[in-house]
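Residue numbers (UniProt numbering): 1 to 1041.
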């Protein structure tokens, strides 16, 4: 932390002035507060802001004073608290503190619910990740990914967007090598393996990549930007895994490509970098980008940006998408993007001409390489020809030539342009003719061939540029008989005086130069001028050279052989041997001229007899053996000393046939031969790397078997001994057969595609028939369901009417029963009053009787009085016992009647509630019935027949509900308990008997009700309703199912 000592002192003074409540902090939250303060101060210091001491809030002071429980402390305690933030000198203690602090931060991140707590925790982790990536990564990756995934599953807010941006930035810092390289001041050294492991941990964490891909769709600027950068960093460390995940998620790649259309330039530019890493080495993703209009988007960005780094990145991405991908090349051409590329080149050239700087607008791996990928020899020849035609028709080749002849262009840029021109004109006669007509616009106009030869033979030019000019001239001569003839004509003597330098003069000058590289380059170019062309080989025999004025001129062949005999440099010897092999092959006249010089044969056999000191000597011996084989193979016998038989005998006598073949095999086994035979462009990091030429390797592969057979292994006629016309005729026949085979393959492909189309149509027709049959079955089923629905609707209406009628009857019966019971209760109360009156009367009679007995006793009639009293007492006791028994029975009967009254009230309330419920349910059932009718009219398609059973089931359920309700209403029909008040009140005994009879009748009525209950249960069970078996009350109180 960049905090000055004065600010620390001020914070200490603030600490002493704070109350105890502000300074006290628990040990469990101390490190968390420290990390939060560290993040906040670090963010302020990073932004270049100068913050006063007042900005150090209580959170920072509490972090400084972690573990302090008193107000005023010595200064050394405060300093020890600050060491947890600033850092300690002991490495082991510091490492333990970091691990503990990260652990607490992760725990806080997992458990906290407040937005401020999570934000401060993420800021602290982000700050610590820059210096302690391993500690933070191993503990916090799971928590960070979990937080990001939860924000996706829940509804995110602006605050969640800020947290997600912090999570993505922290993950990026953990694996970003640029951040690691920038932290050079940290004690821990940058370890690539650690970053690789952390990247692997992030990828292996569940929902990590899918969450990052979801965040790319977020509209928040910082979230989308950090998601793109994080995914780019992961692609750098483990591209294969990320590419496989994106290929499995089909919607991911188009979403990433859509980022190129983002109006925010920062996001768009980082999206280009993401696509660069994503398309690296994966042809399928390259095709996806191309089919999602990736080329058009990149060209549009180049038009908007002009000459900038963004345009270079766009061109480099186009180069990656086109290199080695013929389908993308075909798509590029079909969309006429070569014309748009021409517009890009013109735009960049115009911008740089206005600036007066032609150095930066064309780089080696940008636009030139894009052009080269479109005409690369590795793609099919038909596609190359079409692209070359488009380059010529759209004027792209003309723009390249103007750029090539620009005097301000640098050597590096010129190299790229020359290579691009070479690929565009290679093998295309129209482009080669146009190339030959190009010349400079200066006073001394020079042909483009001469200009390139001047660059090639100039030792002051860069090595790469000289190789590029050689390849361009070779491409100009490739399958160009007219160009070869014109070049050879410049070598022949002319009667007119030539004031300007010609191409032939420059080639001859290079051959006799003292620079080995010049000699090798000119030898290769001269070989391309005569190889595969017998006429040009014979014309070269008439070329005369004079290296010195005092010496008579010699033929070009003599000059070449004399240089070969004198040279000791392996590169010069290899180049001249290749030139002689290509010159003498298929030309008996040239072989005759060569054999007329005895020193030539002697030199070649001397090379064969030499020791194999090093690899270069082996290659020289192999080429010498091949040249001897060519001389024997195309020997017409005009030189009597060196006929074919004599050369075979010399080979057998001097070195042997087996040894001779081994010398030949030394060439094909060499690494330089295998490398050059793959691509026509000569490549090398330095001059000594140049040994073989691509066209020579083709000639060597063609003639090697024939040379081996000619020298004694087999006397069978060799194909290479045919004259050039016969060989060309044979090649044409072979090409015709190849074309026939190709046409047949295309026809087979078309028929196969047609067969697949017919199979698909047959499968679709079969599926259509099955679907039609299924629809017919559904239509029949729909009709059946329609009938069922109509019947259920009728039944529902009947049940509805029955329910209404039953409810009205039951309600009326309930009211009548209640009135009857009320009248019975009044009668019983009246009887009770009469009984009380009788008791009072008997009490009065007892009092009078006692008085009468007392009078009798007073008169002296004791026996009669006692006897009468006893009998009266017995009668009264019997009457009283009977009365009390009747009273108790009547009280019990009154209790039962009261209970029945309450039960009837409850039944009445239930009936009223059921009536209200029915009114509501009836309205609902009417709505459902209307819905069923609407569904009935809407179900016209057979495919909707699957919904009818559900509607029928619903209607059946409503019918069952109404049926159950109706049954329940029938149970509420009370027909008994009306005879209790009909008994006579005249005698108490009669009332008792009447009550007893009523009790018996009630038992019979209950038995009858129980039998009805069983029958109704069976009916409900038959209708599918759920009926409780706990008793009659449960059945009466249960609702509809």
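We put the beta carbon where it would ideally sit given N, CA and C, even for glycine.
Handout entry: residue 1021 (DSSP reduced to helix, strand or coil)
Key = Correct three-state label for residue 1021: helix.
Problem - Inter-residue spacing [alpha-carbon to alpha-carbon] between residue 485 and residue 536 - result: Our two residues, residue 485 and residue 536, have alpha carbons roughly 6 angstroms apart in a direct line.
Practice task
Identify which residue in 629, 513, 616, 599 has its Cα closest to the Cα of residue 582.
Solution key: Comparing Cα positions, the closest option is 629.
Problem - Proximity below 7 angstroms, CB of residue 238 to CB of residue 199 - result: In this structure, residue 199 lies closer than 7 angstroms to residue 238 by Cβ.
Problem - Candidates 798, 401, 558, of which the one nearest residue 592 by Cα - result: It is 558.
Practice task
Compare the beta carbon distance of residue 225 and residue 267 with 7 angstroms and say whether it is the shorter of the two.
Solution key: Yes, they are a contact pair.
Exercise for the section: Pull up the DSSP beta-bridge partners for residue 545, would you. Expected result: Residue pairing for residue 545: DSSP places it in a beta bridge opposite 554.
Problem - Whole alpha helix (DSSP H) elements within the region 369–441, 4-residue minimum - result: For the region 369–441, whole alpha helix (DSSP H) runs of length 4 or above, ordered along the chain, are 381–393, 396–404, 411–425, 429–437.
Practice task
For residue 693, count neighbouring Cβ atoms within 10 angstroms of its own Cβ and tell me buried if that reaches 16, exposed if not.
Solution key: The residue is buried, with at least 16 neighbouring Cβ atoms inside 10 Å.
Handout entry: Distance cut-off 6 angstroms: residue 889 Cβ against heavy atoms of the ligand ADP
Key = Absent from the structure shown: the ligand ADP. Ligands present: none.
Practice task
With DSSP collapsed to three states, give me the class of residue 447.
Solution key: In the structure shown, residue 447 sits in a strand (DSSP, three-state: E or B).
Exercise for the section: Alpha carbon to alpha carbon, how far is residue 902 from residue 1031? Give it in angstroms, no decimals. Expected result: Legend: pLDDT at residue 1031 = 44, less than 50; position of this residue unreliable, no value from coordinates given.
Practice task
State the Cα-Cα distance for the pair residue 543 and residue 551, rounded to the nearest angstrom.
Solution key: Residue 543 and residue 551 have their alpha carbons spaced roughly 16 angstroms apart.
Exercise for the section: Identify, in the order they occur along the chain, each residue of the same chain with its Cβ nearer than 6 angstroms to the Cβ of residue 1050, setting aside the five sequence neighbours on each side. Expected result: The structure shown does not extend to residue 1050, since the chain is modelled only from 1 to 1041, so the question has no answer here.
Handout entry: Residues near residue 340 by beta carbon distance below 6 angstroms, same chain, minus five either side
Key = Here the set comprises 299.
Practice task
Examine chain B for any beta-carbon lying closer than 7 angstroms to the beta-carbon of residue 281, and answer yes or no.
Solution key: No chain B is present in this structure, which holds just one protein chain.
Exercise for the section: Rounded to whole angstroms, what's the CA-CA distance from residue 605 to residue 652? Just pull it up for me. Expected result: Distance between the alpha carbons of residue 605 and residue 652: 11 angstroms.
Handout entry: Environment of residue 841 [buried if 16+ CB atoms lie within 10 Å]
Key = Exposed: under 16 other Cβ atoms inside 10 Å.
Exercise for the section: Closer than 6 angstroms by C-beta to residue 565: which residues in its own chain qualify, once you throw out the five before and the five after it? Chain order, please. Expected result: In the same chain as residue 565, and ignoring 5 residues on each side of it, the C-beta atoms closer than 6 angstroms to its own belong to 603, in chain order.
Problem - Simplified DSSP state of residue 685, which is helix, strand or coil - result: Reduced to three states, the DSSP call for residue 685 is coil.
Exercise for the section: Would you mind stating whether residue 251 and residue 259 have Cβ atoms separated by less than 7 angstroms? Expected result: Taking 7 angstroms as the Cβ cut-off, residue 251 and residue 259 do not qualify as a contacting pair.
Practice task
Could you tell me whether the region 657–676 touches the region 448–462, where touching means 3 or more Cβ pairs closer than 8 angstroms?
Solution key: The region 657–676 is not in contact with the region 448–462.
Exercise for the section: Could you spell out where the alpha helix (DSSP H) holding residue 196 opens and where it closes? Expected result: From DSSP, the alpha helix (DSSP H) with residue 196 extends over 192–204.
Practice task
Go ahead and pull the three-state DSSP assignment for residue 566.
Solution key: DSSP, reduced to helix, strand and coil, places residue 566 within a helical segment of the structure shown.
Problem - Proximity below 7 angstroms, CB of residue 540 to CB of residue 556 - result: Between residue 540 and residue 556, the C-beta gap is smaller than 7 angstroms, which places the two residues in contact.
Handout entry: Three CB pairs or more closer than 8 angstroms across the region 366–382 and the region 411–425
Key = The region 366–382 vs the region 411–425: in contact.
Practice task
Might you give, ordered along the chain, the residues of its own chain that have their beta carbon closer than 7 angstroms to the beta carbon of residue 90, omitting 5 neighbours on each side?
Solution key: Its pLDDT being 47, under 50, residue 90 is placed unreliably in this model, and the value from its coordinates should be taken loosely. Closer than 7 angstroms at Cβ, skipping near neighbours: no residue.
Exercise for the section: Please go through the same chain and pick out, in chain order, the residues whose beta-carbon is closer than 7 angstroms to the beta-carbon of residue 638, but skip the five residues on each side of it. Expected result: Cβ neighbours of residue 638 beyond the five flanking positions: 592.
Handout entry: Sequence-distant residues of its chain with Cβ nearer than 7 angstroms to residue 714 (five each side left out)
Key = Residue confidence is low: residue 714 scores 46 on pLDDT, short of 50, so the model does not pin down where it sits. No coordinate-derived value is stated.
Practice task
Specify the secondary structure class of residue 691 as computed by DSSP and reduced to three states.
Solution key: Here residue 691 sits in coil by DSSP.
Exercise for the section: Counting only runs of 3+ residues fully inside the region 263–306, write out the beta strand (DSSP E) ranges in chain order. Expected result: If we require 3 residues or more, the region 263–306 turns out to have no beta strand (DSSP E) run fully inside it.
Exercise for the section: Using alpha carbons as the reference points, say which of 297, 570, 815, 261 lies closest to residue 689. Expected result: Residue 689 has its Cα closest to that of 570, out of 297, 570, 815, 261.
Problem - Span separating the alpha-carbon of residue 759 from that of residue 378 - result: The straight-line gap from Cα to Cα measures roughly 35 angstroms.
Practice task
Could you check the C-alpha separation between residue 763 and residue 781 for me, to the nearest Å?
Solution key: Roughly 26 angstroms separates the two Cα atoms.
Handout entry: Other residues of its chain near residue 423: CB distance less than 6 angstroms, five sequence neighbours each side excluded
Key = Once the five neighbours on either side are set aside, the close Cβ partners of residue 423 are 372, 375.
Exercise for the section: Determine the extent of the alpha helix (DSSP H) in which residue 1097 is found, giving its start and end residues. Expected result: Here the chain covers residues 1 to 1041 and nothing more, so residue 1097 does not appear.
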